[in-house]
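Residue numbers (my numbering): 592 to 1368.
From the three backbone atoms N, C-alpha and C, an ideal C-beta is built for every residue, glycine too.
Since this is a predicted model, take the numbers as computed values, not measurements.
What follows is a short report on a single structure.
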């Protein structure tokens, strides 16, 4: 049980303290110093705050008054300390709110500006937490600059997200994929959106800074490793603060406790609570048309794949059938179907429902192509540049596409009519809405006083209101924190592709038209990177969409090793599972790869080496059965040459089983070394405690390797009873240890038993029954 927040007055000013954190203040300049009580970690002595007004004038804290009040909000009970200071040069009053809670190891900061003058003040940015340019207050870190690690999050779905070394260069992809501002161009300088983490490996300490509210402003965290500087700023977009009014920044947390992974988990939970995250109880699985047919998809293609799923329902019990880009007359003219869908989209939705699946439909509702009828009729509905010309959101589909203005009342009414027809008229209960960043582009809008985030969320709110709470919305190309509470699922990475890494220019030219991409581009590798580095979002902000699984053998450059790595990471991520292949062309062994992914695992794995490299290599899925700790780990070699991959083990003795080779590896202590793992290949290793009792050490039914395909194990005198679930492959093999097997039966019928690598392998057809009985000599 935690104690209440304590408040006191020190030599320089008041302080707050709970069981984990003490926040000291200096009334002389309004600066603060957060101190972790465990290890006395004090990353900055004097963290400042200020407001930059349009025109370059900064409003700073001077001598500050203070006030302390109890607080009770989405984070629970605590105390809020507010420092207040008037800046006579700019004619404003600044307020710095520091909240500490009884039950959380982080503090929550907010910065307010009140206009005391007789003219509006326009806000460029609100700097909530930062290091001063000179004097005391720089970040105090034990590691050399090059050894520091920085986790940087991208501003939208496709923005690369990863950790960097302190001497590396930030990712050099341009807007709108990367961020709403120009990328950093100097080594060791990083710009992260929504949240950032600075890890000091020598001290084994880290500091997370992130926005847990995102209703009005974009938040960016700038980390300058060589200068030991940080700047957490909320972008004001020039919004006016009228005389007598007050504008508040977003709420920013500073977390100094535990590991970066623990901090990101806490951040996700706090952001989800504040923003009203929607996390459905079940995770969709199904089929998507895009990565095989692209814009060439036809009604016949859809129906043929629908019939395949119907006839293979027992092997592949998915629930969703989604038509992607390719049915519409033009971008923006969504309700006019092209000639490839002669029966129309309502007819197709009805066919999908009759087959027993949820019909899904793709739209990019915040784009209007310059060739569309909608734009021709309503050119005033789009965001404009300063000179009045339309703001370009993307030049995809060999045409210019403008950004819908979420503050225009007629555009909002059109969104409502569009989704009313798609959902209530046509019958689609699942909508994938794409290229959403367009509504957050900088530019002139109908409502001049709205920020980019306000315009973006207003448009999303109209869609959510129309679609209703019972239907599923999947976001894509979307902002991260500002989207929380709007979606049920969200794409968290780049588009996957039927090749590992970017093709040559000549090869790309022969492929269908695709979205504009960052430099590391559309690829299986790029999709997996964000899947691994944004796992903390899953189940806290929404259901993660890692993008589609591709297991086919035609129209692909992915090798079997690369395909297995894609399957392993997506499967152990616990996120959505949609396959995007032409199903009746799949060989039986590739169909089995898909069956191993359904149902989806109930939670996400953890990338243990998130802060060690840009592509984490160790994805660990932990669970319990019968009170015993168990785990399944994907060890991935993302290099282009074969290399050894070690797997460190927790203290004790562990049974180890490797899924793809279907081998029991024996009992291990300390670590296991996998030698010369092939380039872009992986090993999926199941571990369970070696207690000496009979047990199942492995199964090839499901990617969780026993996590959900085995419900229970009961050990009796010379006997082991195993209760099986229907998850995964129909025909599966189990590996048993614990003595010499005398017999194995399912529902009274004998099963064959084969000695295999120190274990006993038993084949079980799930249709024969769900309880396996093994007796020992």
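Q: Within the same chain, show all residues whose beta-carbon is closer than 7 Å to that of residue 835, passing over the 5 residues directly before and after it, in chain order.
A: Sequence index remark: in the chain shown, residue 835 carries index 244 (1-based). Excluding positions up to five away in sequence, the list reads 706.
**Q.** Opening and closing residue of the beta strand (DSSP E) in which residue 919 lies
**A.** Translated into positions along the chain shown, residue 919 becomes position 328. Its beta strand (DSSP E) spans residues 919-921.
(Q) According to DSSP, simplified to helix, strand and coil, what is residue 1202? (A) Here the question's residue 1202 lines up with position 611 in the chain shown. Note: residue 1202 maps to coil in three-state DSSP.
Q: Please report the residue range of the alpha helix (DSSP H) in which residue 1053 lies.
A: By 1-based counting over the chain shown, the position of residue 1053 is 462. Bounds of the alpha helix (DSSP H) holding residue 1053 are 1043-1058.
Q) Should residue 1153 be labelled buried (16 or more other beta-carbon atoms within 10 Å of its own) or exposed? A) On the chain shown, residue 1153 is found 562 positions in, with the first residue counted as 1. Buried is the call here.
**Q.** For residue 826 and residue 811, believed in contact at Cβ under 8 Å, the rounded distance
**A.** Within the chain shown, numbered from 1, the residue matching residue 811 stands at position 220. Within the chain shown, numbered from 1, the residue matching residue 826 stands at position 235. About 7 Å separates the two Cβ atoms, so the contact holds.
Q) Residue range of the beta strand (DSSP E) that residue 1246 falls in? A) Here residue 1246 corresponds to residue number 655 of the chain shown, with the count starting at 1. In the DSSP assignment, residue 1246 falls within the beta strand (DSSP E) that extends over 1245-1249.
Q: Please go through the same chain and pick out, in chain order, the residues whose beta-carbon is closer than 6 Å to the beta-carbon of residue 1190, but skip the five residues on each side of it.
A: The residue you call residue 1190 lines up with position 599 of the chain shown. The answer, listed in chain order, is 1318.
Q) Considering only C-alpha positions, which residue in the set 912, 734 and 743 is nearest to residue 793? A) Counting from one through the chain shown, the residue named residue 793 turns up at place 202. Comparing Cα-Cα distances from residue 793 to each of 912, 734 and 743, the minimum goes to 734.
(Q) For a quick check, are the C-beta atoms of residue 703 and residue 838 less than 9 Å apart? (A) For the purposes of this step, residue 703 is taken as residue 112 along the chain shown, with counting starting at 1. For the purposes of this step, residue 838 is taken as residue 247 along the chain shown, with counting starting at 1. In contact: residue 703 and residue 838 (Cβ atoms closer than 9 Å).
Q) Taking the DSSP output, what are the residues bridged to residue 1174? A) The sequence position of residue 1174 within the chain shown is 583, counting from 1. DSSP lists no partner for residue 1174.
(Q) Counting C-beta neighbours from all protein chains within 10 Å, is the total for residue 1110 16 or more, i.e. buried, or is it exposed? (A) Here residue 1110 is taken as the residue at index 519 of the chain shown, counted from 1. Unreliable placement is indicated for residue 1110, whose pLDDT of 41 sits below 50; no coordinate value is reported for it.
(Q) Measuring straight from C-alpha to C-alpha, what distance separates residue 1163 and residue 1278? (A) As a first step, residue 1163 must be located in the chain shown, where it is residue number 572. As a first step, residue 1278 must be located in the chain shown, where it is residue number 687. Each residue's alpha carbon lies about 15 Å from the other.
Q.
Any beta carbon of chain C sitting closer than 9 Å to that of residue 1300?
A. Annotation note: the requested chain C is absent from the structure, which comprises a single protein chain.
Q. Should residue 1222 be labelled buried (16 or more other beta-carbon atoms within 10 Å of its own) or exposed?
A. As a position in the chain shown, residue 1222 is number 631, starting the count at 1. Per the 10 Å Cβ criterion, buried.
Q. What are the start and end residues of the alpha helix (DSSP H) that includes residue 714?
A. If you number the chain shown from 1, residue 714 lands on position 123. DSSP places residue 714 outside any alpha helix (DSSP H); the residue lies instead in the beta strand (DSSP E), whose first and last residues are 712-721.
Q: Find the nearest neighbour of residue 777 within the set 745, 816 and 1174, judged by alpha-carbon distance.
A: Along the chain shown, one-based indexing puts residue 777 at 186. If we check each option's Cα against that of residue 777, 816 comes out closest.
Q: Any chance you could list the alpha helix (DSSP H) runs of at least 4 consecutive residues sitting entirely within the stretch 971-1041, in chain order?
A: Taking only runs of at least 4 residues, the alpha helix (DSSP H) segments lying wholly in the stretch 971-1041 are 1000-1011.
Q: Can you tell me which of the three DSSP states residue 637 falls into?
A: Position 46 of the chain shown, counting from 1, holds the residue named residue 637. Three-state DSSP puts residue 637 in coil, outside helix and strand.
Q | Nearest-angstrom Cβ-Cβ length linking residue 883 and residue 1173, presumed shorter than 8 Å | A | Taking the chain shown and counting its residues from 1, the one referred to as residue 883 is at position 292. Taking the chain shown and counting its residues from 1, the one referred to as residue 1173 is at position 582. The Cβ separation is near 5 Å, so the contact holds.
Q: Put residue 1135 into one of helix, strand or coil per three-state DSSP.
A: Here the question's residue 1135 lines up with position 544 in the chain shown. If DSSP states are grouped into helix, strand and coil, residue 1135 belongs with the strands.
Q. Which residues does DSSP pair with residue 1353 in a beta bridge?
A. Here residue 1353 corresponds to residue number 762 of the chain shown, with the count starting at 1. Paired residues: 1325 and 1344.
Q. Is the stretch 1143-1150 touching the stretch 1168-1183, taking contact as three or more C-beta pairs under 8 Å?
A. Verdict: yes, contact present.
Q) Start and end of the alpha helix (DSSP H) containing residue 884? A) In the chain shown, counting from the first residue as 1, residue 884 sits at position 293. Counting along the chain, residue 884 sits inside the alpha helix (DSSP H) bounded by residues 881-884.
**Q.** Residues that residue 1259 bridges to, as DSSP identifies them
**A.** Counting from 1 along the chain shown, the entry for residue 1259 is found at position 668. Residue 1259 is bridged to 1245.
Q. Per the contact definition of three or more C-beta pairs closer than 8 Å, is the stretch 797-808 in contact with the stretch 845-858?
A. Segments in contact, yes.
Q: Please name the residue in 940, 1280 and 639 whose C-alpha comes closest to that of residue 1217.
A: Counting from one through the chain shown, the residue named residue 1217 turns up at place 626. 1280 is the residue among 940, 1280 and 639 whose C-alpha sits nearest the C-alpha of residue 1217.
Q) Between the C-alpha atoms of residue 1071 and residue 1158, what's the straight-line distance to the nearest angstrom? A) Position 480 of the chain shown, counted from the start, is the residue given in the question as residue 1071. Position 567 of the chain shown, counted from the start, is the residue given in the question as residue 1158. Each residue's Cα considered, the two are about 25 Å apart.
Q | Own chain, CB closer than 8 Å to residue 990, minus 5 neighbours either side, in chain order | A | Counting from one through the chain shown, the residue named residue 990 turns up at place 399. These residues qualify, in order along the chain: 922, 960, 961 and 962.
Q: List in chain order: all unbroken beta strand (DSSP E) runs of 3+ residues lying wholly within the stretch 877-965.
A: Unbroken beta strand (DSSP E) runs of no fewer than 3 residues, entirely contained in the stretch 877-965, are found at 911-914, 919-921, 924-928, 949-954 and 958-960, following chain order.
Q: Could you say which of 1208, 903 and 1050 lies nearest to residue 1183 if we only look at CA atoms?
A: Within the chain shown, the letter at position 592 stands for residue 1183. Selected option, being the one with the closest Cα: 903.
Q. Quick one: any contact between the stretch 967-979 and the stretch 1033-1040, if contact means 3 or more CB pairs under 8 Å?
A. Between the stretch 967-979 and the stretch 1033-1040, the count of Cβ pairs shorter than 8 Å is three or higher; the stretches touch.
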